[in-house]
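Okay, so here's the structure we're looking at.
There are 2 protein chains.
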Amino acid sequence: MEDRLRSLIASIEPVDCHLDEKIQAHLDNLTKPKGSLGRLEELAKRYALIKDSTWPELPAGKSVVVFAADHGVTEEGVSAFPKEVTFQMVRNFLAGGAGINVLARHAGAKVKVVDIGVDHDFPDLENLISRKVAYGTRNMVRQPALTTKEAVDAILAGADIAKAEFPEGTGLLATGEMGIGNTTAASAITAVLCARSPREVTGRGTGIAEDAYRHKIKVIEKALENRQPDPENPLDVLAKVGGLEIAGICGLILGAASRKIPVVIDGFISTAGAVVAKALVPHVTDYLFAGHLSVEAGHKAQMEFLGLRPLLDLDMRLGEGTGAVLAMGLIEAGIKIYREMATFDGARVSPGNEEPVRS
Amino acid sequence: MEDRLRSLIASIEPVDCHLDEKIQAHLDNLTKPKGSLGRLEELAKRYALIKDSTWPELPAGKSVVVFAADHGVTEEGVSAFPKEVTFQMVRNFLAGGAGINVLARHAGAKVKVVDIGVDHDFPDLENLISRKVAYGTRNMVRQPALTTKEAVDAILAGADIAKAEFPEGTGLLATGEMGIGNTTAASAITAVLCARSPREVTGRGTGIAEDAYRHKIKVIEKALENRQPDPENPLDVLAKVGGLEIAGICGLILGAASRKIPVVIDGFISTAGAVVAKALVPHVTDYLFAGHLSVEAGHKAQMEFLGLRPLLDLDMRLGEGTGAVLAMGLIEAGIKIYREMATFDGARVSPGNEEPVRS
Chain P
1 MEDRLRSLIA SIEPVDCHLD EKIQAHLDNL TKPKGSLGRL EELAKRYALI
51 KDSTWPELPA GKSVVVFAAD HGVTEEGVSA FPKEVTFQMV RNFLAGGAGI
101 NVLARHAGAK VKVVDIGVDH DFPDLENLIS RKVAYGTRNM VRQPALTTKE
151 AVDAILAGAD IAKAEFPEGT GLLATGEMGI GNTTAASAIT AVLCARSPRE
201 VTGRGTGIAE DAYRHKIKVI EKALENRQPD PENPLDVLAK VGGLEIAGIC
251 GLILGAASRK IPVVIDGFIS TAGAVVAKAL VPHVTDYLFA GHLSVEAGHK
301 AQMEFLGLRP LLDLDMRLGE GTGAVLAMGL IEAGIKIYRE MATFDGARVS
351 PGNEEPVRS
Chain C
1001 MEDRLRSLIA SIEPVDCHLD EKIQAHLDNL TKPKGSLGRL EELAKRYALI
1051 KDSTWPELPA GKSVVVFAAD HGVTEEGVSA FPKEVTFQMV RNFLAGGAGI
1101 NVLARHAGAK VKVVDIGVDH DFPDLENLIS RKVAYGTRNM VRQPALTTKE
1151 AVDAILAGAD IAKAEFPEGT GLLATGEMGI GNTTAASAIT AVLCARSPRE
1201 VTGRGTGIAE DAYRHKIKVI EKALENRQPD PENPLDVLAK VGGLEIAGIC
1251 GLILGAASRK IPVVIDGFIS TAGAVVAKAL VPHVTDYLFA GHLSVEAGHK
1301 AQMEFLGLRP LLDLDMRLGE GTGAVLAMGL IEAGIKIYRE MATFDGARVS
1351 PGNEEPVRS
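Keeping their order, the protein sequence lines are chains P and C.
To convert, note that position 276 of the first sequence is 276 in the numbering used here; the numbers rise steadily by one, no gaps.
To convert, count from 1 in the second sequence and add 1000; that's the numbering used here.
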């Protein structure tokens, strides 16, 4: 394994839980029945533990990083959209008109767009972070999608972005992506690393009809048969049947975790990146929040693999980071509960009891 | 039935869906695969239909109305908290330190607190809306909780608030409540109007232990046996085993619907108010959004009765309106998607197809 990747992996520490009791005691002293704010309390606690603080600040500098790349496997006819939509949507992101732009503004988060592998030469565009590793992947049915070096370069590009673009003390990041054909790559990765059949973890992506869906499953089966990715070697899987944006997301997660910045992951593609990250560093999930449950068939299997429970379930399947930024608002709500609610003493409210009170 | 209630009911029109196709066409022309923003698209469409507009404004004047009242049934020992917590929490709401204050600020919503039946004389407090119908309910095990006149007065007080406190064009309201003992009343109402056994729709409220929980079910069974509320007569049910805050919420919903203001309902108690409202005016649900699914056992049965699907599922059971204001952010996100996303034409993005594209 490349030295830089090895040292990145070594730099990620598990979250230290020594403040757990103090944080829980504060939550239990707020003017509400114990635990009655459910997952908002869980979010506050996890955030405080990651920040290693009994008094975490509200997340500063919230941002979503959208990695864009193309996929050679679109030659096989796996998507409802033509390949040029990848670069067209990058322009749309930069112009502020895509779903992720709207929802990031709603969440108070910035959108950073990264060309990590789009099959298009962009002019020098303001706001586009150019980290192109290749002009897309090769067709995984016919040859490995990436060389191992390309896969590692894309991971390191993602990790670099986590370090170069975000100052010390950044509160919260989210992952997003754009890449026509990338549900095919995400399904292939998920099948191998989560040990499921392609059929179980393949969905309709942007919305293909029944025949096309059956064809897509066959394409993935053929790619796995031809490539024989090694389930014990996440880099081999990522290279042979993955994608550059998926590798970039994996790298962003690793880079953020190495700096103790929590990351909200989005839907099926983003989570494929998280699956690779966990396969490389099991405790990286300490730093992850699962933004939402995607409609895409394989997302549940990924969540089980990661041991995460999604925050939202709104029948979404757009990607781009849309579900992740929407969930940022819930994480912030949890932190505000922790910081802003009155305590029983402070508000002179009588505390409760498991035994009923006759009054 | 009282004349004013009769005319309130008559003034509520079903939502007119003649703009459905135009609204859907706009959603389908936004730069995303059709339907890929799932429930955000559904929220935008429902909101636009309620406002009878193909270009709905962002909701102005968002507010949560928190009705507070006491319950005579606390004599039976059904709650983990003493009765005085009702007025103590009203003070906490007015001081801005409760969960609902924190989450309403997060959502950009105002908190209006209504004393509709607290067993306490408040001094003249700024921001407290005083509409006290009685000093709490009577103990439903021994006598009817309310007279029919008190129940109707409380409904009309809620409807008055919808009209007096909110100007024309108010975008979105939410319901909230506070009342030690009110899960007992909500379970009794739900058992009768949703035709379930008390056991099925009774939970642990603020968090009572196993023995107390079994006792609470027996209290509800005894109250229903002693009172014999008529399932065909929602006012009879509300009076005999209900609560003043539940009646107020029912009235707020009816008053808002009569002015075409959508209402986000909160958890188990708020939804009991909505169940009574629907039993009085079946199409009132056209104006309702279900904020979240509460942990409280009977909430699912209420949702089935209303035909609504909750937006959030975060293991919450605090009430106060907390789940409702949290969901306001999702409804706003949907409206922003509708208003702010670029169209395929405008952004020069190639539209998709159910048939796959080989590229």
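Here a beta-carbon is modelled for each residue, glycine too, at the ideal position from N, C-alpha and C.
From a predicted model like this one, the values you see are computed outputs, not experimental measurements.
Original post:
Which residue from C:Ala1134, C:Leu1252, C:Gln1302 puts its Cα closest to that of Ala1164 (chain C)?
Top reply: Translated into the one-based positions of the second sequence, residue 1164 (chain C) becomes position 164. When only C-alpha atoms are compared, the closest one is C:Leu1252.
Original post:
With which residues is Gly1176 (chain C) paired in a DSSP beta bridge?
Top reply: Translated into the one-based positions of the second sequence, residue 1176 (chain C) becomes position 176. Per DSSP, C:Val1066.
Original post:
What span of residues does the beta strand (DSSP E) with Gly1117 (chain C) cover, start to end?
Top reply: Along the second sequence, one-based indexing puts residue 1117 (chain C) at 117. For Gly1117 (chain C), the uninterrupted beta strand (DSSP E) segment begins and ends at 1110-1117.
**OP:** Determine the contact status of Gly158 (chain P) and Ala80 (chain P), defining contact as a CB-CB distance below 8 Å.
**Re:** Numbered from 1 along the first sequence, position 158 holds the residue referred to as residue 158 (chain P). Numbered from 1 along the first sequence, position 80 holds the residue referred to as residue 80 (chain P). In this structure, Ala80 (chain P) does not lie closer than 8 Å to Gly158 (chain P) by Cβ.
Subject >> Interface partners of Gln24 (chain P) on chain C, CB under 7 Å >> reply: In the first sequence, counting from the first residue as 1, residue 24 (chain P) sits at position 24. The premise fails here: Gln24 (chain P) is roughly 15 Å from chain C at the closest Cβ pair, so nothing lies under 7 Å.
Original post:
Exposed or buried, what is Ala17 (chain P) when buried is set at 16 or more other beta-carbons lying within 10 Å of its beta-carbon?
Top reply: As a working mapping, residue 17 (chain P) is identified with position 17 in the first sequence. The sequence given here places Cys at residue 17 (chain P); Ala does not occur at that position. Classification of Cys17 (chain P): exposed, given that the 10 Å Cβ count is below 16.
Original post:
From which residue to which residue does the alpha helix (DSSP H) around Val1085 (chain C) run?
Top reply: Along the second sequence, read from residue 1 onward, the residue named residue 1085 (chain C) stands at position 85. Unbroken alpha helix (DSSP H) run through Val1085 (chain C): 1085-1095.
Original post:
Going along the region 344-359 of chain P in order, which residues come within less than 9 Å of chain C, judged by CB to CB distance?
Top reply: For the region 344-359 of chain P, which is checked against every Cβ of chain C, the residues closer than 9 Å are Gly346, Ala347, Arg348, Val349, Ser350, Pro351, Gly352, Asn353, Glu354, Glu355, Pro356, Val357, Arg358, Ser359.
Original post:
Got a sec, what are the start and stop residues for the alpha helix (DSSP H) Ala60 (chain P) sits in?
Top reply: Stepping through the first sequence from its first residue, residue 60 (chain P) is reached at position 60. Secondary structure note for Ala60 (chain P): it is in no alpha helix (DSSP H), with a DSSP letter that is neither H nor E.
Original post:
In terms of alpha-carbon separation, which member of C:Leu1043, C:Ile1023, C:Val1133 lies closest to Ala1068 (chain C)?
Top reply: If you number the second sequence from 1, residue 1068 (chain C) lands on position 68. The residue with the shortest Cα to Cα distance from Ala1068 (chain C) is C:Val1133.
Original post:
Rounded to the nearest angstrom, how far is the Cβ of Leu1037 (chain C) from that of Gly99 (chain P), given a contact under 8 Å?
Top reply: Mapped onto the second sequence, residue 1037 (chain C) falls at position 37. Mapped onto the first sequence, residue 99 (chain P) falls at position 99. The pair is a contact, with the Cβ atoms about 6 Å apart (cut-off 8 Å).
Original post:
Any heavy atom of the ligand GTP closer than 7 Å to the CB of Leu244 (chain P)?
Top reply: Of the ligands one can find in the structure shown there are none, so the ligand GTP has no counterpart to examine.
Subject >> Residues within the region 1072-1095 of chain C neighbouring chain P, beta-carbon criterion of under 9 Å >> reply: Result list: Thr1074, Glu1075, Glu1076, Gly1077, Val1078, Ser1079, Ala1080, Phe1081, Pro1082, Lys1083, Glu1084, Val1085, Gln1088, Met1089, Arg1091, Asn1092, Ala1095.
Subject >> Expected contact under 8 Å - CB spacing of Val85 (chain P) and Ser1187 (chain C) to nearest Å >> reply: To locate residue 85 (chain P), count along the first sequence from 1; it is residue 85. To locate residue 1187 (chain C), count along the second sequence from 1; it is residue 187. About 52 Å separates the Cβ atoms of Val85 (chain P) and Ser1187 (chain C), ruling out a contact at the 8 Å cut-off.
Subject >> Interface partners of Thr322 (chain P) on chain C, CB under 8 Å >> reply: Here residue 322 (chain P) corresponds to residue number 322 of the first sequence, with the count starting at 1. Around Thr322 (chain P), the beta-carbon contacts reaching into chain C at under 8 Å are Leu1037.
Subject >> Sufficient close CB pairs (3 or more, under 8 Å) joining the region 1052-1060 of chain C to the region 119-126 of chain P >> reply: Output reads no: the region 119-126 of chain P does not touch the region 1052-1060 of chain C.
Subject >> Contact set between the region 212-228 of chain P and chain C, restricted to residues whose Cβ is under 8 Å from the partner >> reply: Listed in sequence order: Ala212, His215, Lys216.
Subject >> is_contact[Ile1331 (chain C), chain P] using C-beta, thresh 8 Å >> reply: On the second sequence, residue 1331 (chain C) is found 331 positions in, with the first residue counted as 1. No, Ile1331 (chain C) does not count as interfacial toward chain P.
Subject >> Span separating the alpha-carbon of Ala185 (chain P) from that of Ala145 (chain P) >> reply: Along the first sequence, one-based indexing puts residue 185 (chain P) at 185. Along the first sequence, one-based indexing puts residue 145 (chain P) at 145. Approximately 9 Å, taken between the alpha carbons.
Subject >> Beta carbon proximity, Thr1202 (chain C) to chain P, threshold 8 Å >> reply: Numbered from its first residue, the second sequence carries residue 1202 (chain C) at position 202. Thr1202 (chain C) does not count as touching chain P.
Original post:
Rounded to a whole number of angstroms, what is the C-alpha to C-alpha distance between Thr137 (chain P) and Arg39 (chain P)?
Top reply: On the first sequence, position 137 is the one that residue 137 (chain P) refers to. On the first sequence, position 39 is the one that residue 39 (chain P) refers to. Distance between the alpha carbons of Thr137 (chain P) and Arg39 (chain P) is about 39 Å.
**OP:** With 8 Å as the C-beta to C-beta threshold (strictly closer), list the residues of the region 44-74 of chain P near chain C in chain order.
**Re:** Of all residues in the region 44-74 of chain P, only Thr74 place a beta-carbon less than 8 Å from a beta-carbon of chain C.
Original post:
For chain C, is any of its Cβ atoms less than 8 Å away from the one on Ala272 (chain P)?
Top reply: For the purposes of this step, residue 272 (chain P) is taken as the residue at position 272 of the first sequence. No, because no Cβ of chain C sits closer than 8 Å to the Cβ of Ala272 (chain P).
Subject >> Neighbour list for Leu318 (chain P) in chain C, Cβ cutoff strictly below 8 Å >> reply: The residue you call residue 318 (chain P) lines up with position 318 of the first sequence. Those are Lys1032, Pro1033, Ser1036, Leu1037, listed as they occur along chain C.
Subject >> Per-residue contacts from Lys1336 (chain C) into chain P (C-beta, under 8 Å) >> reply: The count along the second sequence starts at 1 and reaches residue 1336 (chain C) at position 336. By Cβ distance, chain P contributes Val102, Leu103, Arg105, His106.
Original post:
Which one of P:Met140, P:Ile116, P:Val111, P:Tyr135 has the shortest CA to CA distance from Asn361 (chain P)?
Top reply: Any answer about residue 361 (chain P) is impossible in this case: the structure gives chain P only from 1 up to 359.
Subject >> Rounded distance between the beta-carbons of Gly323 (chain P) and Thr1031 (chain C), thought under 8 Å >> reply: By 1-based counting over the second sequence, the position of residue 1031 (chain C) is 31. By 1-based counting over the first sequence, the position of residue 323 (chain P) is 323. The C-beta distance from Thr1031 (chain C) to Gly323 (chain P) rounds to 17 Å, too long to fall under 8 Å, and the pair is not in contact.
**OP:** Could you name the residues of the same chain whose beta carbon sits closer than 7 Å to that of Asn1101 (chain C), not counting the 5 residues immediately before and after it, in chain order?
**Re:** On the second sequence, residue 1101 (chain C) is found 101 positions in, with the first residue counted as 1. In its chain, beyond the 5 residues on either side, Phe1093, Val1111 have a beta carbon closer than 7 Å to the beta carbon of Asn1101 (chain C).
Original post:
What residues in its chain sit with their C-beta under 7 Å from that of Pro372 (chain P), if we drop five residues either side in the sequence?
Top reply: With chain P covering 1 to 359 only, the question about residue 372 (chain P) has no answer from this structure.
**OP:** Could you tell me whether any Cβ in chain C is nearer than 8 Å to the Cβ of Thr137 (chain P)?
**Re:** Here residue 137 (chain P) is taken as the residue at index 137 of the first sequence, counted from 1. At a cut-off of 8 Å between C-beta atoms, Thr137 (chain P) does not count as an interface residue with respect to chain C.
**OP:** Pick helix, strand or coil for Ile1269 (chain C), following the three-state DSSP scheme.
**Re:** The count along the second sequence starts at 1 and reaches residue 1269 (chain C) at position 269. Residue state, collapsed to three classes: helix.
Original post:
For Ser1011 (chain C), which of helix, strand or coil comes out of DSSP?
Top reply: Taking the first residue of the second sequence as 1, we reach residue 1011 (chain C) at position 11. The answer is coil: DSSP assigns Ser1011 (chain C) none of H, G, I, E or B.
Original post:
Roughly how many angstroms lie between the CA atoms of Thr1170 (chain C) and Ala1010 (chain C), to the nearest whole one?
Top reply: The residue given as residue 1170 (chain C) occupies position 170 in the second sequence. The residue given as residue 1010 (chain C) occupies position 10 in the second sequence. In a straight line, the C-alpha of Thr1170 (chain C) is about 21 Å away from that of Ala1010 (chain C).
Subject >> Sequence-distant residues of the same chain with beta carbon closer than 7 Å to Lys1022 (chain C), five excluded per side >> reply: As a first step, residue 1022 (chain C) must be located in the second sequence, where it is residue number 22. Its chain contains Thr1054 as the residues whose beta carbon lies nearer than 7 Å to that of Lys1022 (chain C), once the 5 sequence neighbours on both sides are disregarded; these appear in chain order.
**OP:** Starting from the C-beta of Ala247 (chain P), find all residues in its chain whose C-beta is less than 6 Å away, skip the five residues before and the five after it, and write them out in chain order.
**Re:** Translated into positions along the first sequence, residue 247 (chain P) becomes position 247. Annotation for Ala247 (chain P): Ala151, Ala154, Ile155, Leu238 place their beta carbon closer than 6 Å to its own, counting only its chain and skipping 5 residues before and after.
Original post:
If the cut is a Cβ gap below 7 Å, which residues of chain C does Glu340 (chain P) touch?
Top reply: As a working note, residue 340 (chain P) is residue 340 in the first sequence. Within chain C, the residues near Glu340 (chain P) are Val1102.
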